[in-house]
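Asker: Please read through the structure below; I'll follow up with questions.
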Amino acid sequence: MKNKGLVVTIVITLLLSFQVIVPNVSAHTGGTFTIILSKNGVQPYNVQMLVNDTARWINVDDTENITHQILVDADSDGIFDDEGWNSGTLTNSCEHVNGTKVDEECNAYFEIIFNETSLNMSYDDIVGKYAFKDLTFNETSGNTTIIYGNVTVYSDKHITTGFQDTETDNKNEEGQEERSPVLLIIAIISAVSAIGLGIMIVFGKKDE
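Now the structure itself:
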């Protein structure tokens, strides 16, 4: 009985060792990155995120007779046309009555969810850089000011959720790729050694 208990203990220890050595890859559930449209411009105008994240442009410009409009180059061809995404006119605020918008066409924000369902695109096709421009229209003068920016969407291939610096991520991924075979070999050697030790103990006791 003691020998059997010892073998069970070795097996449990071995399984726990595998859990420590092999990292758990967790899926990125998605977050929201807010891009502010104000009288001082667009902040931030360069956004970095992962697939499944959401880019949300919010108009907080309370300047009188000023509206904003966001155009996104969806196919990355450098042309802001009908193939892209258009926010329509974004005002500073919309009138509500009992929590319901008075004008359904009134919008203070515009968002794009960068996932396969919302965009009807494959995972790999979503990855890339999406240029956008903010058209700030002055209804009084009739002038339009244009500010450009980018939303860069990366593939979710991180050990932990959330976006990290690209250069650091690449180094971490390379290091992980180099370490993974070594860790696997160590784990296999440990497993074989543990099993061998258990067998030796069991049969050694039988011989006695």
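In numbering that gives the first Met the number 0, the protein residues as written are 0 to 207. Cβ coordinates follow ideal geometry from the N, Cα and C atoms, glycine included.
With DSSP collapsed to three states, give me the class of T66.
Answerer: Reduced to three states, the DSSP call for T66 is strand.
Asker: Is I78 helix, strand or coil when you go by DSSP?
Answerer: Coil.
Asker: With respect to the alpha helix (DSSP H) encompassing E115, which residues constitute its N-terminal and C-terminal limits?
Answerer: Note, E115: alpha helix (DSSP H), E115 to L118.
Asker: Helix, strand or coil for D133? Go by DSSP, reduced to three states.
Answerer: If DSSP states are grouped into helix, strand and coil, D133 belongs with the strands.
Asker: Hey, quick one: how far does the beta strand (DSSP E) through Y108 stretch, first residue to last?
Answerer: Y108 to I112 is the span of the beta strand (DSSP E), which, as asked, contains Y108.
Asker: Assign Y153 to one of three DSSP states: helix, strand, or coil.
Answerer: Here Y153 sits in strand by DSSP.
Asker: Which residues mark the beginning and the end of the beta strand (DSSP E) in which T139 is found?
Answerer: Where T139 is concerned, there is no enclosing beta strand (DSSP E), given that its DSSP letter is neither H nor E.
Asker: With C-beta atoms as the reference, is E115 less than 9 Å away from I125?
Answerer: Yes; because the gap between Cβ atoms is below 9 Å, this pair is in contact.
Asker: For S154, count the other beta carbons within 10 Å of its own beta carbon; 16 or more makes it buried, fewer makes it exposed. Which is it?
Answerer: Counting Cβ neighbours within 10 Å, S154 comes out exposed, since fewer than 16 surround it.
Asker: Return the CA-CA distance between T139 and S121, expressed in angstroms with no decimal places.
Answerer: When rounded, the distance between both Cα atoms is 44 Å.
Asker: Provide the residue span of the beta strand (DSSP E) that contains G40, from first to last.
Answerer: Counting along the chain, the beta strand (DSSP E) containing G40 begins and ends at G40 to Q42.
Asker: Going by beta carbon distance, what residues of the same chain come within less than 6 Å of T31, once the five residues before and after it are set aside?
Answerer: Within the same chain, T31 has close Cβ partners T53 and R55.
Asker: With contact counted as at least three CB pairs below 8 Å, one residue from each stretch, are the stretch 86 to 96 and the stretch 61 to 70 in contact?
Answerer: Yes: at least three Cβ pairs fall under 8 Å.
Asker: Using only the alpha-carbon positions, how far apart do I65 and C93 sit?
Answerer: One C-alpha to the other measures close to 14 Å.
Asker: Determine the closest residue to N51 out of N119, N137, N149 and T99, with distance taken between C-alpha atoms.
Answerer: When each option's Cα is compared against that of N51, the closest is N119.
Asker: Should Y147 be labelled buried (16 or more other beta-carbon atoms within 10 Å of its own) or exposed?
Answerer: Exposed, by the Cβ-count rule.
Asker: With distances taken Cα to Cα, identify the nearest neighbour of I34 among V96, F131, D76 and T28.
Answerer: With distances taken between Cα atoms, I34 lies closest to F131.
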